[in-house]
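For the sequence shown, this note's numbering assigns the number -8 to the initial residue and increments by one for each residue that follows.
Take a look at the structure set out below.
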Amino acid sequence: VMVKGDVALDMRGRCSAGQKVLASLVIRLALSDAFCHQCSILALDEPTTNLDQENINSLAMSLSAIIKNRADQGAFQLVVITHDEHFVRSLGSISGVEEVYKIAKDFDTQCSYILGVPFNEL
């Protein structure tokens, strides 16, 4: 059931691909939070694939809540592998990210390198 305004809608068979992906991500996040409460790392690979902008923003808000809840844990790290820089900016602005790491390729040497970038320089 989805609530839009004051109206409850039966969504069986009516969810878009993006809504299904978001529901799957929310379930995975809930399971990881429940079963790995003392884990110090959460890794997501391309979590915004097939999501529309509204669902991307919802995912950023949910991850921000997890980050805030895990702040007392000390060594908690969130690893997000993504090409979606808008998502990174959204997540960072909500949760107070100070630095992100980018992987880039030096086309002269054909080697990849990791570059730490202050969040405000994205």
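We put the beta carbon where it would ideally sit given N, CA and C, even for glycine.
Note that the coordinates shown come from a computational prediction; the quantities given were computed from them, not determined experimentally.
Residue i and residue j closer than 8 angstroms at C-beta
i, j, result
"Glu80", "Leu113", "According to the sequence as given, residue 80 is Arg; it is not Glu. Yes. Within cutoff."
"Ser124", "Ile47", "With the chain covering only -8 through 113, there is no way to say anything about residue 124."
"Leu13", "Leu35", "no"
"Val17", "Ser53", "yes"
"Ser103", "Lys93", "no"
With 16 other Cβ atoms within 10 Å as the buried cut-off, status of residue i
i, result
"Ala51", "buried"
"Phe26", "exposed"
"Pro109", "exposed"
"Phe98", "exposed"
"Ser55", "buried"
"Leu82", "buried"
"Leu106", "exposed"
"Leu22", "exposed"
Closest Cα partner of residue i within the set the options
i, options, result
"Ala66", "Asn41, Cys30, Glu45", "Cys30"
"Thr40", "Gly9, Arg3, Lys93", "Gly9"
"Lys11", "Ile32, Lys(-5), Gly(-4), Pro38", "Pro38"
beta-carbon residue i near the ligand GDP non-hydrogen atom, thresh 7 angstroms
i, result
"Ile32", "Looking for the ligand GDP in the displayed structure turns up nothing, as the structure carries no ligands at all."
Which residues DSSP lists as bridging residue i, in chain order
i, result
"Asp97", "Cys102"
"Pro109", "Glu90"
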